[in-house]
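Accompanying notes for the structure given below.
Protein chains: 2
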Amino acid sequence: MSGGVEWALHCCVVLTSVREPVPAARLAELHDVSPTYLAKQLQALSRAGLVHSTQGKSGGYALTRSPELITVLEVVDAVDGPSAAFVCTEIRQRGPMATPAEACTTPCAISRAMATAEAARREALRTITIADLANDVESDYGAGALNGIGAWLRTTGA
Amino acid sequence: MSGGVEWALHCCVVLTSVREPVPAARLAELHDVSPTYLAKQLQALSRAGLVHSTQGKSGGYALTRSPELITVLEVVDAVDGPSAAFVCTEIRQRGPMATPAEACTTPCAISRAMATAEAARREALRTITIADLANDVESDYGAGALNGIGAWLRTTGA
DNA sequence: ATAGTTCCGGATAGGAAATGTCCGAGTATT
DNA sequence: AATACTCGGACATTTCCTATCCGGAACTAT
Ligand code: SF4
Ligand code: SF4
């Protein structure tokens, strides 16, 4: 799994505490990560329609929907790409004992098993929303923790 | 996920149809894949204790346990490595608004969510055994399909 | 209108990991 | 004991991810 997913999730969570757009550079400074690379992840989120980007002087990124309507799965798919983790090479159609192509109409048992497992993982991610994560952060680090970060985001750069 | 997992699973399934050791070169010829690279995957399986290797003239690989006792998860872990797909960089401890290290005793909400999803995937893989896969192959391609492959494996190279 | 700020896209190095290949150690056969 | 065959780990090659940079478009505030 791509490591940039972690950055994107953090950005989505902190964006719940502010309604005005936040520039990518500010988000990068908050986490002390590569500004240019984080910008690329945010662009992916924008393409997926999860965040809305406003250009210009006081522009930046902001969530498009309510945090309760954004699932973790959507963020992962947007950044990591929707490609399945397991790709079947169809090696059953190769070699001296290859099964004829006419018998390969449906996915085989192995790929079915992998698809089932992957579906389970995706379903688990789908049931968790950004709002849930923000809630957990509040309970972990005390209420108002996110508001403090939101206030820092609004301040003009150091 | 490593693509070699597919090869390893195929080898485990076909090995259920034969009790004598099968050389790695024969398995590679059956699937028409790189013999040397497949050998690497089989070595990983051997290290994990899933297959037993016998050297010498009529040596090769054979399953150590009954197929019902080998789960797909074990094969995946052996080949792909037991490393978790999502690794937390602990970026919460970096940047101007870093949370103090004293508050980072437990994994945060994001890593908990990822761990839950990964556990769901692993649990799904744990419930499927090699015997289940072999059974499905028999129902898909007709009974005796695996026995035919087993017979071919026993014949001396073309 | 102008200037300043910001996002967007692609082109470009660097590096880690997966993929693919090789030869030596060891064992059963002969 | 000689031999032929096999596994085992060490060695290149390729691919993909990470990270960076720049030019251009669009928007806001002045
Ligand atoms: S047996 Fe399954 S995983 Fe293997 S080649 Fe066929 S469809 Fe793909
Ligand atoms: S919030 Fe979670 S994922 Fe992010 S740095 Fe902390 S522990 Fe890691």
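First to last, the sequence lines map onto chains A and B.
Per my numbering, the first sequence runs over residues 1 to 158.
Per my numbering, the second sequence runs over residues 1001 to 1158.
In this text, a Cβ means the ideal position worked out from N, Cα and C, and glycines have one as well.
So which residues of chain B does residue i contact, with C-beta pairs closer than 9 Å?
| i | result |
| --- | --- |
| Ile-91 (chain A) | Glu-1006, Trp-1007, His-1010, His-1031, Asp-1032 and Val-1033 |
Evaluate residue i with the Cβ neighbour count: other Cβ atoms within 10 Å of its Cβ, from every protein chain shown; 16 or more gives buried, anything less gives exposed.
| i | result |
| --- | --- |
| Gly-1060 (chain B) | buried |
| Glu-1074 (chain B) | buried |
| Ala-1124 (chain B) | buried |
| Leu-1069 (chain B) | exposed |
| Val-1087 (chain B) | exposed |
| Arg-1092 (chain B) | buried |
| Gly-47 (chain A) | Before going on, a small fix: residue 47 (chain A) reads as Arg here, not Gly. By the 10 Å Cβ count, Arg-47 (chain A) comes out exposed. |
| Ala-1101 (chain B) | exposed |
| Ala-78 (chain A) | buried |
| Ala-1143 (chain B) | exposed |
| Ala-117 (chain A) | buried |
| Ala-119 (chain A) | exposed |
| Ala-24 (chain A) | buried |
| Ala-1044 (chain B) | buried |
| Ala-1084 (chain B) | exposed |
| Thr-36 (chain A) | exposed |
In chain A, what lies closer than 8 Å to residue i by C-beta?
| i | result |
| --- | --- |
| Gly-1060 (chain B) | The premise fails here: Gly-1060 (chain B) is roughly 17 Å from chain A at the closest Cβ pair, so nothing lies under 8 Å. |
| Ala-1120 (chain B) | Ala-120, Arg-121, Glu-123 and Ala-124 |
If we define contact as Cβ-Cβ less than 8 Å, is residue i a contact residue for chain A?
| i | result |
| --- | --- |
| Pro-1067 (chain B) | no |
| Arg-1026 (chain B) | no |
| Val-1079 (chain B) | no |
Can you find a CB in chain B that lies within less than 8 Å of the CB of residue i?
| i | result |
| --- | --- |
| Thr-99 (chain A) | yes |
| Gly-144 (chain A) | no |
| Val-72 (chain A) | yes |
| Pro-96 (chain A) | yes |
| Ala-113 (chain A) | yes |
Since residue i meets chain B, which of its residues come closer than 7 Å, beta carbon to beta carbon?
| i | result |
| --- | --- |
| Thr-116 (chain A) | Ala-1124 |
| Tyr-141 (chain A) | Thr-1099 and Ala-1103 |
| Ala-131 (chain A) | The contacting residues do not exist; Ala-131 (chain A) stays about 11 Å from chain B at best. |
| Ala-85 (chain A) | Met-1001 |
Just the chain A side, please: which residues come within less than 9 Å of residue i by C-beta, in chain order?
| i | result |
| --- | --- |
| Val-1137 (chain B) | Cys-108, Ala-109 and Ile-110 |
Touching by the beta-carbon criterion (3+ pairs, under 8 Å), the region 25-34 of chain A and the region 136-155 of chain A: yes
Length at least 3, wholly inside the region 60-116 of chain A: the beta strand (DSSP E) runs in chain order: 60-63
The region 1122-1138 of chain B touching the region 107-116 of chain A, judged by at least three CB pairs closer than 8 Å: yes
Whole runs of the alpha helix (DSSP H) within the region 1020-1059 of chain B, excluding any shorter than 4 residues: 1024-1031 and 1035-1047
Stretch pair the region 48-67 of chain A + the region 13-21 of chain A: three plus CB contacts closer than 8 Å: yes
Cβ contact (3+ pairs, closer than 8 Å) linking the region 112-127 of chain A and the region 36-53 of chain A: no
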